[in-house]
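Enquirer: My questions will all concern the structure given below.
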Amino acid sequence: MRRVSVGLSEERDSRAAAAEAAGRAGAGLDGGCDLCLVFASGEHLPLLGELLSEVAGRLSPRNLIGCGAGGTLASGRELERGPGLVVWAASLPGVEVDTLVLPEERPGEEQPLFELPGSAADSTDRAMILLADPYRCSIEPWLEEISRTHPGLPVLGGLASAALQDGSAIAALHDGELRSAGAAAALISGVQVLPCVSQGAAPVGPEMTVTAAERNVIGELASKPAMERLGEVIAALPDSERELAANGVLLGIVIDENRPEHERGDFLVRPIAGADRETGSIVLGERVRVGQTVRLHVRDAASADEDLRAALRDQALALGPEGAAGALMFTCNGRGSHMFDLPDHDAGALEDALGVPAAGFFCAGEIGPVGGRNFLHGFTATLAVFPAS
Numbered sequence: 517m518r519r520v521s522v523g524l525s526e527e528r529d530s531r532a533a534a535a536e537a538a539g540r541a542g543a544g545l546d547g548g549c550d551l552c553l554v555f556a557s558g559e560h561l562p563l564l565g566e567l568l569s570e571v572a573g574r575l576s577p578r579n580l581i582g583c584g585a586g587g588t589l590a591s592g593r594e595l596e597r598g599p600g601l602v603v604w605a606a607s608l609p610g611v612e613v614d615t616l617v618l619p620e621e622r623p624g625e626e627q628p629l630f631e632l633p634g635s636a637a638d639s640t641d642r643a644m645i646l647l648a649d650p651y652r653c654s655i656e657p658w659l660e661e662i663s664r665t666h667p668g669l670p671v672l673g674g675l676a677s678a679a680l681q682d683g684s685a686i687a688a689l690h691d692g693e694l695r696s697a698g699a700a701a702a703l704i705s706g707v708q709v710l711p712c713v714s715q716g717a718a719p720v721g722p723e724m725t726v727t728a729a730e731r732n733v734i735g736e737l738a739s740k741p742a743m744e745r746l747g748e749v750i751a752a753l754p755d756s757e758r759e760l761a762a763n764g765v766l767l768g769i770v771i772d773e774n775r776p777e778h779e780r781g782d783f784l785v786r787p788i789a790g791a792d793r794e795t796g797s798i799v800l801g802e803r804v805r806v807g808q809t810v811r812l813h814v815r816d817a818a819s820a821d822e823d824l825r826a827a828l829r830d831q832a833l834a835l836g837p838e839g840a841a842g843a844l845m846f847t848c849n850g851r852g853s854h855m856f857d858l859p860d861h862d863a864g865a866l867e868d869a870l871g872v873p874a875a876g877f878f879c880a881g882e883i884g885p886v887g888g889r890n891f892l893h894g895f896t897a898t899l900a901v902f903p904a905s
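The sequence shown runs 517 to 905 under the numbering used here.
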């Protein structure tokens, strides 16, 4: 059986925090530690290397990655302010894990980002946990590269939300040495890690087809200027949805057009970044092409809560009676108390739905798949759920 254990410390002394969190995580494991993730608040970052050395000394993990966090979460709690150190540790018998340190510069098209180990190359049960420094690594080209060279490989993780003045925010145990990096990843094979992406938005109005577009500019929707068509859709919404739309609308793009019907999780949700009143075109935070299907979305605390809980229910059903061993959660630093009135919202929803050891951090951007492709998101909660067996 796979086991996951979590340790959380609110100690201000960094070394004491590392010892406490690692001790608590280690106490819940049977057997060795195959994978360990550490999330450290800004107060602890000056000693990040020593922290990870302390954790490594106590748990002897075969693979370890960690990052700076503007806030941490563990065991149903969210620490958005003050010192916080979280250690997530897993015993994964029969599973192969490899730590990767990604270069800061993207290689040329002829040079792959990384080679999959033999077992991962032959397995469909594989996933990547990725932590990246937003100041040292432009992660979106990497995600495109991974989708191109390793199609079907789900990538889950987030961008570090706390860093030192020199930009140091990511570290990894790689080839037996602790190294600072622009991005670090754990490549997992031999277990079907279940990805979960909650974009926190609700679809409203009808679906529309893009009939004119160039790059990230939509000229027409359903053969009308995009602004005119959106105005018609918003005017026809029920009062409650129109009130939400008045606070801002987003556009959801269907990624997999082969599905007969498109539900909430089938849309990649992006903000409308601008508009041109003369041409009636709109600018989107994502490239689009003629023929794609789009739908308006709205976001508020209620829709974000509904979306997350629905996604977690789907996860619980997918896991079956044996359930999960544990989970990792990467949630936006614009969520938490900035979005919800009740404390510990995302961590609490995860605890309510799965009731397993879980940890994560508040990110400056969240990574997860939609429609089989990996994307960088905002205002999203993404999860990596590890089945019990």
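From the three backbone atoms N, C-alpha and C, an ideal C-beta is built for every residue, glycine too.
Keep in mind the model is a prediction, meaning the values are calculated, not measured.
Throw me the rounded Cβ distance for the A679 and D649 pair, which I believe falls under 8 Å.
Expert: As a first step, residue 679 must be located in the sequence shown, where it is residue number 163. As a first step, residue 649 must be located in the sequence shown, where it is residue number 133. Confirmed, Cβ separation roughly 7 Å.
Enquirer: Can you name the residues that DSSP bridges to V602?
Expert: Taking the sequence shown and counting its residues from 1, the one referred to as residue 602 is at position 86. BP columns for V602 point to L524 and F555.
Enquirer: When the Cα atoms are used, what is the spatial distance from N732 to H861?
Expert: Along the sequence shown, one-based indexing puts residue 732 at 216. Along the sequence shown, one-based indexing puts residue 861 at 345. In a straight line, the C-alpha of N732 is about 33 Å away from that of H861.
Enquirer: Which two residues bound the contiguous alpha helix (DSSP H) that contains R906?
Expert: As shown, the chain starts at 517 and ends at 905. That puts residue 906 outside it, with no answer to give.
Enquirer: Does DSSP put V765 in a helix, in a strand, or in coil?
Expert: The residue you call residue 765 lines up with position 249 of the sequence shown. In the structure shown, V765 sits in coil (DSSP, three-state: anything other than H, G, I, E or B).
Enquirer: Cutting at 7 Å between CB atoms, please list the residues of its own chain near L608, excluding the five before and the five after it.
Expert: Indexing the sequence shown from 1 puts residue 608 at position 92. Correct list, in chain order: R518, D550, L551 and V707.
Enquirer: Alpha carbon to alpha carbon, how far is A826 from L835? Give it in angstroms, no decimals.
Expert: As a working note, residue 835 is residue 319 in the sequence shown. As a working note, residue 826 is residue 310 in the sequence shown. Rounded to whole angstroms, L835 to A826 spans 14 Å at the Cα level.
Enquirer: Would you give the residue range spanned by the beta strand (DSSP E) that I771 belongs to?
Expert: Stepping through the sequence shown from its first residue, residue 771 is reached at position 255. Segment: none, I771 is in no beta strand (DSSP E) and carries neither H nor E.
Enquirer: When you compare the CB positions of A701 and L575, do they come within less than 8 Å of one another, or not?
Expert: As a first step, residue 701 must be located in the sequence shown, where it is residue number 185. As a first step, residue 575 must be located in the sequence shown, where it is residue number 59. Not closer than 8 Å, so no.
Enquirer: Check whether the region 653–660 and the region 525–543 touch, using three or more Cβ-Cβ pairs below 8 Å as the test.
Expert: no
Enquirer: Measure the beta-carbon distance from I883 to L672 and round it to whole angstroms, keeping in mind my assumption that it falls under 8 Å.
Expert: Residue 883 sits at position 367 when you count from the first residue of the sequence shown. Residue 672 sits at position 156 when you count from the first residue of the sequence shown. Right, their Cβ atoms sit about 6 Å apart.
Enquirer: Would you call D857 buried or exposed, if buried means 16 or more other Cβ atoms sit within 10 Å of its Cβ?
Expert: As a working note, residue 857 is residue 341 in the sequence shown. Burial call: exposed.
Enquirer: Are V911 and G598 touching if we call contact CB-CB under 8 Å?
Expert: Given that the chain is displayed from residue 517 to residue 905, the structure contains no residue 911 and the question cannot be resolved.
Enquirer: Would you kindly work out how many angstroms separate the C-alpha atoms of E822 and R528, rounded to a whole number?
Expert: Taking the sequence shown and counting its residues from 1, one reaches residue 822 at position 306. Taking the sequence shown and counting its residues from 1, one reaches residue 528 at position 12. Straight-line spacing of the CA atoms in E822 and R528 works out to 36 Å.
Enquirer: Going by Cα to Cα distance, which pick from L601, G547 and L580 is closest to L524?
Expert: What you label residue 524 is simply residue 8 of the sequence shown in a count that begins at 1. Closest by alpha carbon: L601.
Enquirer: What do you get for N774, buried or exposed, if any count of 16 or more other CB atoms within 10 angstroms of its CB means buried?
Expert: One-based indexing of the sequence shown puts residue 774 at position 258. Burial call: exposed.
Enquirer: Taking the alpha-carbon of S677 as reference, which of I798, P903, F846 and A874 has the nearest alpha-carbon?
Expert: Here residue 677 refers to the residue found at position 161 of the sequence shown. Nearest of I798, P903, F846 and A874 to S677, Cα basis: F846.
Enquirer: Consult DSSP for D614 and reduce its assignment to one of helix, strand or coil.
Expert: Walking along the sequence shown from the start, residue 614 turns up at place 98. DSSP places D614 in strand when its eight states are reduced to three.
Enquirer: Using CA atoms only, rank isn't needed, just tell me which of R793, E779 and L800 is closest to D830.
Expert: Counted from its first residue, the sequence shown places residue 830 at position 314. Out of R793, E779 and L800, E779 has the C-alpha closest to the C-alpha of D830.
Enquirer: Could you give the DSSP three-state label for E779: helix, strand or coil?
Expert: The count along the sequence shown starts at 1 and reaches residue 779 at position 263. If DSSP states are grouped into helix, strand and coil, E779 belongs with coil.
Enquirer: Jot down the residue ranges of each uninterrupted alpha helix (DSSP H) in the region 666–738, minimum 4 residues, whole runs only, in chain order.
Expert: none
Enquirer: Shortest alpha-carbon distance to P754 belongs to which of L767, P722 and G565?
Expert: For this step, residue 754 is matched to residue 238 along the sequence shown. With distances taken between Cα atoms, P754 lies closest to P722.
Enquirer: Mind checking which residues open and close the alpha helix (DSSP H) that includes G573?
Expert: Numbered from its first residue, the sequence shown carries residue 573 at position 57. Element bounds for G573: L564 to L575.
Enquirer: Please state whether the Cβ-Cβ distance between L580 and A572 is less than 8 Å.
Expert: Locating residue 580 in the sequence shown gives position 64, where the first residue counts as 1. Locating residue 572 in the sequence shown gives position 56, where the first residue counts as 1. Yes, they are a contact pair.
Enquirer: What are the residues that DSSP puts in a beta bridge with T898?
Expert: Within the sequence shown, residue 898 is the residue found at index 382, counting from 1. Answer is V713 and F846.
Enquirer: Return the chain-ordered list of same chain residues with a C-beta closer than 7 Å to the C-beta of Q715, the five sequence neighbours on each side being excluded.
Expert: Along the sequence shown, one-based indexing puts residue 715 at 199. If we look at Q715 and ignore the five residues flanking it on each side, its Cβ neighbours are V785, D823, H893 and T896.
Enquirer: Do A729 and V804 come within 8 Å of each other at the CB atom, strictly closer than that value?
Expert: Counting from one through the sequence shown, the residue named residue 804 turns up at place 288. Counting from one through the sequence shown, the residue named residue 729 turns up at place 213. Yes, Cβ-Cβ distance for V804 and A729 is below 8 Å.
Enquirer: Within 8 Å of any Cβ in chain D, is that where the Cβ of F902 sits?
Expert: Any reference to chain D falls outside this structure, which holds one protein chain only.
Enquirer: With distances taken from CA atoms, which of G850, T725, A789 and V709 is nearest S905?
Expert: One-based indexing of the sequence shown puts residue 905 at position 389. Among G850, T725, A789 and V709, the Cα nearest to that of S905 belongs to V709.
Enquirer: According to DSSP, T588 sits in a beta bridge with which residue or residues?
Expert: Residue numbering aside, residue 588 sits at position 72 when the sequence shown is read from its first letter. Its beta-bridge partners are L595 and F877.
Enquirer: When you compare only the Cα positions, how much space is there between R815 and G547?
Expert: If you number the sequence shown from 1, residue 815 lands on position 299. If you number the sequence shown from 1, residue 547 lands on position 31. About 44 Å.
Enquirer: If you draw a straight line from the alpha carbon of G807 to that of A752, how long is it in whole angstroms?
Expert: Residue mapping note: residue 807 aligns to position 291 of the sequence shown, counting from 1. Residue mapping note: residue 752 aligns to position 236 of the sequence shown, counting from 1. So the two alpha carbons sit approximately 24 Å from each other.
Enquirer: Looking at the structure shown, is M855 part of a helix, part of a strand, or coil, going by DSSP?
Expert: Numbered from 1 along the sequence shown, position 339 holds the residue referred to as residue 855. Coil.
Enquirer: Given a threshold of 16 other Cβ atoms within 10 Å of its Cβ, counted over all protein chains shown, does S739 qualify as buried or as exposed?
Expert: Residue numbering aside, residue 739 sits at position 223 when the sequence shown is read from its first letter. Classification of S739: exposed, given that the 10 Å Cβ count is below 16.
Enquirer: Which value, in whole angstroms, describes the spacing of the CA atoms of S530 and E566?
Expert: Position 14 of the sequence shown, counted from the first residue, corresponds to residue 530. Position 50 of the sequence shown, counted from the first residue, corresponds to residue 566. Those two C-alpha atoms are separated by around 9 Å.
Enquirer: Within the same chain, show all residues whose beta-carbon is closer than 6 Å to that of T727, passing over the 5 residues directly before and after it, in chain order.
Expert: In the sequence shown, residue 727 corresponds to position 211, counting from 1. Within the same chain, T727 has close Cβ partners E736 and S739.
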